Structure formats: structure tokens, C-alpha cells
Amino acid sequence: MADRWALATAEDGGVDVAPLGPDGLPAGPVRREPDLAEAVRARPDVTRWVWRSTAEIYPRLLAAGVRVERCYDIEAAETLLLGHEGRYGQPHSAAAALARLRGGPVPPDPPQRSAAPAAQSPLFEPQGVHVPLDDLLAVYTEQQRRHDRSAHPDRLRLLTAAESAGMLVAAEMNRAGLPWRADVHREVLHDLLGERYAGGGEPRRLAELAEEVSAAFGHRVRPDLPADVVRAFARAGIKVTSTRRWELESVDHPAVKPLLAYKKLYRIWVAHGWSWLQDWVRDGRFRPEFLAGGTVTGRWVTNGGGALQIPKVIRRAAVADPGWCLVVADADQMEPRVLAAISRDPGLMEVAGRETDLYQAVSDRAFSGDRAQAKLAVLGAVYGQTSGDGLKNLAALRRRFPRAVAYVDDAARAGEEGRLVRTWLGRTCPPAAGTTGDDPAEEAGMPQDAPGPEGWVPGHASTDARARGRFARNFVVQGSAADWALLMLAALRQACADLAAELVFFQHDEVIVHCPREEADAVVTAIREAADLAGRLTFGRTPVRFPFTTAVVECYADAK
Numbered sequence: 431m432a433d434r435w436a437l438a439t440a441e442d443g444g445v446d447v448a449p450l451g452p453d454g455l456p457a458g459p460v461r462r463e464p465d466l467a468e469a470v471r472a473r474p475d476v477t478r479w480v481w482r483s484t485a486e487i488y489p490r491l492l493a494a495g496v497r498v499e500r501c502y503d504i505e506a507a508e509t510l511l512l513g514h515e516g517r518y519g520q521p522h523s524a525a526a527a528l529a530r531l532r533g534g535p536v537p538p539d540p541p542q543r544s545a546a547p548a549a550q551s552p553l554f555e556p557q558g559v560h561v562p563l564d565d566l567l568a569v570y571t572e573q574q575r576r577h578d579r580s581a582h583p584d585r586l587r588l589l590t591a592a593e594s595a596g597m598l599v600a601a602e603m604n605r606a607g608l609p610w611r612a613d614v615h616r617e618v619l620h621d622l623l624g625e626r627y628a629g630g631g632e633p634r635r636l637a638e639l640a641e642e643v644s645a646a647f648g649h650r651v652r653p654d655l656p657a658d659v660v661r662a663f664a665r666a667g668i669k670v671t672s673t674r675r676w677e678l679e680s681v682d683h684p685a686v687k688p689l690l691a692y693k694k695l696y697r698i699w700v701a702h703g704w705s706w707l708q709d710w711v712r713d714g715r716f717r718p719e720f721l722a723g724g725t726v727t728g729r730w731v732t733n734g735g736g737a738l739q740i741p742k743v744i745r746r747a748a749v750a751d752p753g754w755c756l757v758v759a760d761a762d763q764m765e766p767r768v769l770a771a772i773s774r775d776p777g778l779m780e781v782a783g784r785e786t787d788l789y790q791a792v793s794d795r796a797f798s799g800d801r802a803q804a805k806l807a808v809l810g811a812v813y814g815q816t817s818g819d820g821l822k823n824l825a826a827l828r829r830r831f832p833r834a835v836a837y838v839d840d841a842a843r844a845g846e847e848g849r850l851v852r853t854w855l856g857r858t859c860p861p862a863a864g865t866t867g868d869d870p871a872e873e874a875g876m877p878q879d880a881p882g883p884e885g886w887v888p889g890h891a892s893t894d895a896r897a898r899g900r901f902a903r904n905f906v907v908q909g910s911a912a913d914w915a916l917l918m919l920a921a922l923r924q925a926c927a928d929l930a931a932e933l934v935f936f937q938h939d940e941v942i943v944h945c946p947r948e949e950a951d952a953v954v955t956a957i958r959e960a961a962d963l964a965g966r967l968t969f970g971r972t973p974v975r976f977p978f979t980t981a982v983v984e985c986y987a988d989a990k
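In our numbering, the protein residues as written are 431 to 990.
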């Protein structure tokens, strides 16, 4: 029996399946099955399913209790291939790929479904265009040829497999949900915000702080309206351009302290308050919708729920089930380790292979033991800080680790010149970041309450080029780290397949596994081994280590 099968859903609710040979071509007749779950369940020896969209198919299988080992997601592959070919942003649906293959008019992609709160939609049920199996296989075969034509076919194939695996992990995490105690969440909100007033107005503590702000200015001010606050400071003879924290902290005025406190609590009330709890927590689980590869760099996003920006105080509500625990694992200094692996800088690889703290090791080499300066220098090289102390730190780093700095410098130059820039596995950054709809500061992981990228003035050619260069500099590191993380998740998922443990959360460099207490040690070991395996698969055999700091806790907030 073939270990790889293709599958296509039909408009009548049935499904067409066919075995595939080693060449990816049909190795037997197409068979019509009346039920998707039964068609997959009846073929337990299949190790990889080729289908149009994991987001369409896998939630239905999970709802029926069917788990698959691996898949090939045609639409995810199309997105990666289009980017690799310099056509990022073109429609990536299977129907669009088929139209391009046959020279017909290319249909636009369907609009992304709006986020559906957990209380309203228990399953993710996207709507897609049904593509007959024969047509789907024609697209699949052409995609294999396009992989072959790439500069590094094996790497790009690995990236496609990793992205498809990430889609499986995301679907399973969406179904599992993060354990969440609604009663604890309400207690936290009451402690922070005070009583709720009838009619949905601001809770007591926010109302009190708003009064303190107004009293400090001597007249009524709405602290939730930035323009109102800016005008109030102007009346007081103080010029501010925004209400960002970093700017307000430099102002000497009695309104600043209550205003900053108001902003912090207001953000919690709006983003994770009582309405959030009602919308996104159901049956003891927080249920955001994770989207693998949701950004240009490959980092994940969530469609609603704000899962990737949960304040630590709110994490107190993320509590394991009785008899279970949360294994929270944070990758240690991931970006500089990835830079060492992709640049093949001998000195930085040696440092990244030690058991000791990476930044301290760099500081001993180049910064006279000053760890803080070493960290600023390494992150400055990645993010493009080339002014003031950043320029001096970069020069010191360049002397000790020339290949590492040259690697990101070359990426920045390519970005400025409008050339394609790729991660180690081949994920491609578009030539102009401004055309993608992504904010370079956000993509680079810069704090949202900090100044934007230096020189980023949309529409101005020279400053746009510099901003693209900074984005490309970061992209080769952050994107390669995202590629590594996908393979780590895939390996961890495989290691946990025979355990009760379930992956329930992932963001950038952090993963949470919910498991019975007796499985905690096995999960910690699985995380370490998955990180090592992902490092070898992604970057080949290098001295670079990818360690995790793990904490076995009952409550997410206790992990840090």
C-alpha cells in the first residue's frame, strides 16, 4: 500500500482519494468515498496526505477523532513558491495555481474569514473553492518541478514540509485550547480594575485615574483619547507628539503618573477584560485561532483573541487541569544562535556552542566582560542600529565576528537594492517591504510602544530603501529562526504522539505543553531533543546549540 495519498473534497460532501507513487504521480485509480473521516481512518498506513488546505480539512478530521501523521498543504506550498519566485502577494489558492498552470484568468483569493469568538464558533470552518483531484494533482506535480528549479531544492522542500507540519500543529492547538480559569481571570480583573459599572462604562479604577489626570491638568481630559491628552499638555506649555510611554516618561508633569497607570489598565480592560473572557474562553479553554506562517517572516499570528500579547498578570488565569501541569519552554537567545548557524562565522558558532550564556561569552570576547553592551551589539547587528553607540558596538562585533556581521550587512544591501532576500531554507522576503502590508517595526519584533524604524518615511525613495534594508537584515535571521521553530514543533509533536501531552500554545520562541504531571520529565526531554533535531535538520551539523529554559508549573504566570 502506498504511504502517500492525495485527497480532495467534493461539493456533495464526499471525498476523492488516490495513492501516489514515489514520483508523486497517481499509482492507482481515484476512489470516491462518502465520508472524509472514514476515508482517512480506513488508511492508517498512510504517512503523508496531499491536500488543498489543512485549514479546511484537518479540523474536520480532528472533530471526528482522526489524527494524521504528516501532510503536504498545496496552498501553503504555493505561497512559499510564489515568494521564492519573486511573485509574493499573487493569489495562492489551488484554483489560482491551476489557472496559472493552464494559462487562464487567475481568480483572486477568497477573503480571510473574520475572527470568530470561541463562544460563537467551536470549529474553524473556512470556505474554499473545491478543486477536483485530477486538477489538484496537476498543481502538485508542477509544484514539485518548481521546487526542483530553485537554487536549493532540498532546503525549499524541507521548508514546505515544515510549513505543512506547522499547519497541523496550529489546527491541533486550536482544538485543544490553553487551559484557562475564568474565575481566576475575573478575580484578577476585579483586583486591577475594581467594580464594573452598569451600562458597560469604565470600571471604578479607570474612572478614578481619569479623574486624577483631569485634576492634574485643571480641566476635563479624556485619557483614552490621545489627541485630547496632547492638547492638554500643549495648554500646559509642554509639547508632546504622542502618548507613547517612552515619550511621556520624559515629561515632568503631575498628570504623567496617573496617565501611564491609566494607559496600562485601559489596555488590559479593552484587550483582555470581561468582554474578552466572554468571547474567547469556553469550556475551561482559551481558544484563539493560531495561523501558521501568518507573517512575511514565517512567524505565527492569531486571528482574534490577542494570544501573542497576553500580559503577565492575565497569565495567572492560565492554570493546568487538576493532576496536570504546564511545561513552558523558552528558547535561549535564539536569534544570535541562528545568526551563528546561517553565517557560519567560526567564532560565533564556537560561542553559540558553549554551555554558558551566549551574551556573556560574546562580552568576554569583544566587550571586556560587559554583557549589556554585548547584547546591544548583537541585537543592533540584527535590527540595524548603526548610529551612536550602536555604530561603535557594531565595529567591535565586526572585528571579532566578521562573517556574522557581513552576512546581515549583505542582506541589508540586497534589501536596499530591491533584490530578493531569503532565509536559510528559502522563505523569501519581497523586494519592497512597503508592498506587503507588514510594518517593519512589528515584523522585527520591536516594542509597539517604541519609536519606529529609523528613516522609515513611506513614499520617500531613499528612506524607503534604508527601511527595506533594515527589514531584510532582520528578515534573514528572524525568518530562519521561524523556519527552525517549525521543525522544532514538528519534532515535538511527533515525540508527544504516544503521550497524553498536548501542545497548547506557541509564540515566536516559546512553546507550552499541557500534560499529566507524570509525563513532565518526558516532555522536557522531548523539547530538548526536538530543538537539537531541528537545528541539525535546518542548518546541518554545526557546533551551535539551541537550548531551552523550561519550567514545569501549574500556572503560566509562574514560569517567568
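Ideal Cβ positions, reconstructed from N, Cα and C, are used throughout, including at glycine.
Values in this document were obtained by computation on a predicted structure and should not be read as measured data.
| Asked | Found |
| --- | --- |
| Best match in V476, H514, S483 for proximity to V498 [C-alpha to C-alpha] | V476 |
| 3-residue-minimum beta strand (DSSP E) runs that sit fully inside the region 714 to 791, ordered along the chain | 754 to 761 |
| Local conformation of D939 per DSSP, three classes | coil |
| Paired residues, beta bridge with R461 - DSSP | V447 |
| W706 in three-state terms, based on DSSP | helix |
| C-beta atoms of L588 and L967 nearer than 8 angstroms | yes |
| Of the listed residues E765, E984, T853, E677, nearest to V808 (C-alpha basis) | E765 |
| Nonlocal neighbours in the same chain, by C-beta distance under 7 angstroms from Q520, ignoring five residues either side | L512 |
| Closest by C-alpha distance to K990, when choosing among I957, A791, G451, V743 | V743 |
| Assumed close pair W435, L455 - CB separation to whole angstroms, cut-off 8 angstroms | Not quite, the Cβ-Cβ distance comes to about 13 angstroms (not below 8 angstroms), so this is no contact. |
| Rounded C-alpha distance that separates K805 from V792 | 8 angstroms |
| Nearest residue (CA-CA) to R490, options S523, L598, E572 | L598 |
| Coil, strand or helix - D503 by DSSP | strand |
| With 16 other Cβ atoms within 10 Å as the buried cut-off, status of A525 | buried |
| Buried or exposed by the 16-neighbour rule on C-beta atoms within 10 Å, applied to P540 | exposed |
| Proximity of A600 and A722 at Cβ, strictly below 8 angstroms | yes |
| For R611, the three-state DSSP class (helix, strand or coil) | coil |
| 6 angstroms CB neighbourhood of A761 in its chain, flanking five on each side removed | D939, F978 |
| C-alpha gap between T439 and P535, whole angstroms | 23 angstroms |
| Whether R697 touches S773 by CB criterion (8 angstroms) | no |
| Stretch-stretch touch, CB-based, cutoff 8 angstroms, three pairs: the region 712 to 727 with the region 599 to 619 | yes |
| V618 vs A701 beta-carbon contact at 8 angstroms | no |
| Enclosing alpha helix (DSSP H) for T439 [first to last residue] | No alpha helix (DSSP H) holds T439; the beta strand (DSSP E) holding it covers 434 to 439. |
| H560 (DSSP reduced to helix, strand or coil) | coil |
| Contact under 8 angstroms by Cβ, V838 with V907 | yes |
| Extent of the continuous alpha helix (DSSP H) to which R635 belongs | 634 to 647 |
| L491 (DSSP reduced to helix, strand or coil) | helix |
| DSSP state of P541 mapped onto helix, strand, coil | coil |
| Alpha-carbon to alpha-carbon, W479 and H890 | Legend: pLDDT at H890 = 47, less than 50; position of this residue unreliable, value from coordinates given subsequently. Each residue's alpha carbon lies about 47 angstroms from the other. |
| Cβ neighbours of K669 in the same chain (closer than 8 angstroms, five flanking residues each side left out) | F663 |
| Cβ distance (whole Å) where A981 is taken to contact M918 below 8 angstroms | About 17 angstroms; that fails the 8 angstroms criterion. |
| Within 8 angstroms, strictly: CB atoms of A529 and P538 | no |
| Under the three-state DSSP convention, the category P861 falls into | coil |
| Cα-Cα separation between A595 and A920, rounded to whole angstroms | 6 angstroms |
| Helix, strand or coil at E932 according to DSSP, with G and I counted as helix | strand |
| DSSP beta-bridge partners of C945 | C755 |
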